[in-house]
Amino acid sequence: MEKWMEEAIIEGKKAAEIMEVPIGAIIVHDGKIIGKGYNQRNSKKSTLAHAELIAIEEASKIIGDWRLEGCTMYVTVEPCPMCAGAIVQARLDEVVIGTMNPKAGCAGSIYNLLDDSRFNHQVRVVTGVCQEACASMMSEFFKMLREEKKIDKLNEQFTEEI
58 MEKWMEEAII EGKKAAEIME VPIGAIIVHD GKIIGKGYNQ RNSKKSTLAH
108 AELIAIEEAS KIIGDWRLEG CTMYVTVEPC PMCAGAIVQA RLDEVVIGTM
158 NPKAGCAGSI YNLLDDSRFN HQVRVVTGVC QEACASMMSE FFKMLREEKK
208 IDKLNEQFTE EI
């Protein structure tokens, strides 16, 4: 599992490089990666450009079907409600999560949409795989953003003084 989560982390780092929240996702079928995604909401100016949705779309094209039965998603951060819903709709067998998201997660934090028996499909959930690496990627990104805002504010004050 760690091997695949490391691949999802690589995707998350791609997001950070373009100043997107560093969330990465991959989908594995029969021991091969068939879908990859990283957050691109700001760069694509799309609410839908979440890592999980991009990976699902790519995997569906490779499989040639919207049903991703027999597939496992590895995602660095617990999916939001939109992504959790898409995971259920795509019929993924399992989701492996790096770190939980207590503010927006729907795979156990706020709600567990993936394991709600009222839906016609449930998804197995494994949490805490490479948890430290996934959590630190997020915290380092937001720390960097806060520091940049401080620098911008200082630059603004300095410019006003001149």
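Under my numbering, residue 219 is the last one in the sequence shown; the count climbs by one each step, no gaps. Beta carbons: idealized from backbone N, C-alpha and C, even for Gly.
For Asp-122 and Arg-98, I'd like the C-alpha separation in whole angstroms. For the purposes of this step, residue 122 is identified with residue 65 of the sequence shown, where counting begins at 1. For the purposes of this step, residue 98 is identified with residue 41 of the sequence shown, where counting begins at 1. Near 25 Å, if we compare the C-alpha coordinates of Arg-98 and Asp-122.
Please report the straight-line C-alpha distance between Val-78 and Glu-64, rounded to a whole angstrom. Within the sequence shown, residue 78 is the residue found at index 21, counting from 1. Within the sequence shown, residue 64 is the residue found at index 7, counting from 1. Approximately 17 Å between the Cα atoms of the pair.
Have a look at the DSSP bridge pairing and note the partners of Arg-181. On the sequence shown, position 124 is the one that residue 181 refers to. Paired residues: Glu-151.
First through last residue of the beta strand (DSSP E) which encompasses Gly-81: Taking the sequence shown and counting its residues from 1, the one referred to as residue 81 is at position 24. Element bounds for Gly-81: 81 to 86.
Tell me the rounded alpha-carbon separation between Met-157 and Tyr-168. Here residue 157 refers to the residue found at position 100 of the sequence shown. Here residue 168 refers to the residue found at position 111 of the sequence shown. In a straight line, the C-alpha of Met-157 is about 12 Å away from that of Tyr-168.
Are Gly-155 and Cys-187 closer than 7 Å when you measure CB to CB? Start at 1 with the first residue of the sequence shown, and residue 155 comes out as number 98. Start at 1 with the first residue of the sequence shown, and residue 187 comes out as number 130. Yes.
Cβ of Glu-114 within 7 Å of Cβ of Thr-129? Translated into positions along the sequence shown, residue 114 becomes position 57. Translated into positions along the sequence shown, residue 129 becomes position 72. Contact annotation: Glu-114 and Thr-129 have beta-carbon atoms that are not nearer than 7 Å.
Inspect the CB distances between the stretch 130 to 145 and the stretch 103 to 111 and report whether three or more fall short of 8 Å. yes
Compare the Cα-Cα distances from Gly-94 to each of Ser-117, Glu-68 and Glu-74 and report the closest residue. As a working note, residue 94 is residue 37 in the sequence shown. Among Ser-117, Glu-68 and Glu-74, the Cα nearest to that of Gly-94 belongs to Glu-68.
Roughly how many angstroms separate the alpha carbons of Thr-184 and Asn-96, rounded to a whole number? Translated into positions along the sequence shown, residue 184 becomes position 127. Translated into positions along the sequence shown, residue 96 becomes position 39. Using only the alpha carbons, I get a separation of about 20 Å.
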